[in-house]
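Just below is one structure, and these are the notes that go with it.
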Ligand SMILES: [Zn+2]
Ligand SMILES: [Zn+2]
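Numbering (this note's numbering), first residue to last: 323 to 735.
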């Protein structure tokens, strides 16, 4: 491992393509589309692939799959495609930097398309990573166009990762004082919505004839706040309930209130334990006040625990590009991603690269260092793929069992 002739050739090719890579990356950054609406992005990717004579297949509505090489091992590289709404005003922005992932995947294909590969590389342009725009996605689900609101969950369910040995991905990172990060943990989350239905009544003349749904919502939020003592700081449990709807006429007893919250944690055990406590508070506080209570629980994403074995390779490849002290290891991030779900099924990594400024999911997000943000990620991916072809890391044997379990207990199929 380390540098070898093939890697040098691939890295040189990426450097030679730099101007085209920067131009594509800028175009993609200016083309932000929400999840499962990545139509222009899809068209842009297809135009590049057709230009290069690279075959592709559509996956998960707006996603695309490119297969290079043949035989074992089978390494998947996943690249997010979706953008976010701007925080202020109309319009959208690539404020999670997913355009850089799409750009990296294209640069990777461009650099490897004529390269003899000692295995199969699946490059998967993955839609709908951000868990937003839920009504639109529910409509797609009802129409049978997708199965799940997250692109990776949809792809897992459709069998796109069947027969894959391991998964590589990268994400923009805002960590100060480093160039790359490796081995970060992402939190998982579970989504709750509690609907409290009471009974309206004249608040002055006959409050006793009513049932105040808002009281149930407030009691539940208070109970959740009391829970916080129960969470070990190392588990990173985070619960922020909001009152998202409430009946609001001052002289009528409120008959309707809704509390919504994510429950987040660093490990699956901590996540499910915390989720159960929160669910009990949401449910029983309503019941305690004799308010009709309906709590729905939906899967968010699972926590990401990365493959140490593959990350050792990722780090070696980073070290070809920068001094070791510029690499941050084993961060615990407060963020989540649907790559966490993949990490429970297959050896998976998601390394971070800097070269961006502004706040993630903020309107000031920008790409500031194109060398780091656009050229390094495809090099690290290509180098790691080459290493994995020589020294495979595989979770393929355990995958069918894990997937069956995952579909049943997490996605509730
Ligand atoms: Zn994001
Ligand atoms: Zn993201």
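C-beta atoms are modelled at their ideal positions from N, C-alpha and C, and glycine is treated no differently.
Would you call residue i buried or exposed, if buried means 16 or more other Cβ atoms sit within 10 Å of its Cβ?
{"i": "residue 403", "result": "buried"}
{"i": "residue 412", "result": "exposed"}
{"i": "residue 374", "result": "exposed"}
{"i": "residue 364", "result": "buried"}
{"i": "residue 679", "result": "exposed"}
{"i": "residue 325", "result": "exposed"}
{"i": "residue 736", "result": "The displayed coordinates of the chain run from 323 to 735. Any statement about residue 736 would go beyond what the structure contains."}
{"i": "residue 550", "result": "exposed"}
{"i": "residue 573", "result": "exposed"}
{"i": "residue 524", "result": "exposed"}
{"i": "residue 420", "result": "buried"}
{"i": "residue 555", "result": "exposed"}
{"i": "residue 451", "result": "buried"}
{"i": "residue 675", "result": "buried"}
{"i": "residue 562", "result": "exposed"}
{"i": "residue 423", "result": "buried"}
{"i": "residue 529", "result": "exposed"}
{"i": "residue 441", "result": "buried"}
{"i": "residue 456", "result": "exposed"}
{"i": "residue 432", "result": "buried"}
{"i": "residue 636", "result": "buried"}
So what does residue i bridge to, in DSSP terms?
{"i": "residue 616", "result": "517"}
{"i": "residue 379", "result": "387"}
{"i": "residue 584", "result": "513"}
{"i": "residue 533", "result": "521"}
{"i": "residue 551", "result": "Paired residue(s): none; residue 551 is not in a bridge."}
{"i": "residue 410", "result": "None, per the DSSP bridge assignment."}
{"i": "residue 649", "result": "502"}
{"i": "residue 674", "result": "493 and 503"}
{"i": "residue 801", "result": "Past the edges of the chain, shown from 323 to 735, lies residue 801, and the structure says nothing about it."}
{"i": "residue 561", "result": "585"}
{"i": "residue 508", "result": "626"}
{"i": "residue 621", "result": "512"}
What residue does the beta strand (DSSP E) around residue i start on, and which one ends it?
{"i": "residue 263", "result": "What the structure shows of the chain is the stretch from 323 to 735, and residue 263 is not part of that stretch, so it cannot be assessed."}
{"i": "residue 492", "result": "488-494"}
{"i": "residue 727", "result": "Where residue 727 is concerned, there is no enclosing beta strand (DSSP E), although the alpha helix (DSSP H) it sits in stretches over 721-731."}
{"i": "residue 661", "result": "Residue 661 -> not in any beta strand (DSSP E); alpha helix (DSSP H) instead, spanning 661-665."}
{"i": "residue 402", "result": "396-402"}
Could you tell me whether the Cβ atoms of residue i and residue j are closer together than 8 Å?
{"i": "residue 600", "j": "residue 661", "result": "no"}
{"i": "residue 400", "j": "residue 472", "result": "no"}
{"i": "residue 632", "j": "residue 488", "result": "yes"}
{"i": "residue 430", "j": "residue 733", "result": "no"}
{"i": "residue 651", "j": "residue 504", "result": "yes"}
{"i": "residue 360", "j": "residue 449", "result": "yes"}
{"i": "residue 515", "j": "residue 580", "result": "yes"}
{"i": "residue 370", "j": "residue 434", "result": "no"}
{"i": "residue 684", "j": "residue 495", "result": "no"}
{"i": "residue 426", "j": "residue 699", "result": "yes"}
{"i": "residue 623", "j": "residue 663", "result": "yes"}
{"i": "residue 501", "j": "residue 694", "result": "yes"}
{"i": "residue 670", "j": "residue 629", "result": "yes"}
{"i": "residue 613", "j": "residue 538", "result": "yes"}
{"i": "residue 368", "j": "residue 356", "result": "no"}
{"i": "residue 366", "j": "residue 353", "result": "yes"}
{"i": "residue 596", "j": "residue 553", "result": "yes"}
{"i": "residue 520", "j": "residue 531", "result": "no"}
{"i": "residue 697", "j": "residue 337", "result": "yes"}
{"i": "residue 483", "j": "residue 626", "result": "no"}
Looking at the unbroken alpha helix (DSSP H) that takes in residue i, where does it start and where does it end?
{"i": "residue 632", "result": "630-640"}
{"i": "residue 448", "result": "Looking at the DSSP string, residue 448 is not in any alpha helix (DSSP H); the run it does join, the beta strand (DSSP E), is 442-448."}
{"i": "residue 710", "result": "698-712"}
{"i": "residue 473", "result": "473-479"}
{"i": "residue 687", "result": "Residue 687 -> no alpha helix (DSSP H), and no H or E assigned at all."}
{"i": "residue 370", "result": "361-374"}
{"i": "residue 335", "result": "327-338"}
{"i": "residue 600", "result": "590-610"}
Exercise. For ligand 1, which residues count as neighbours when the test is a C-beta closer than 6 Å to any heavy atom?
Worked result: 418, 452 and 683
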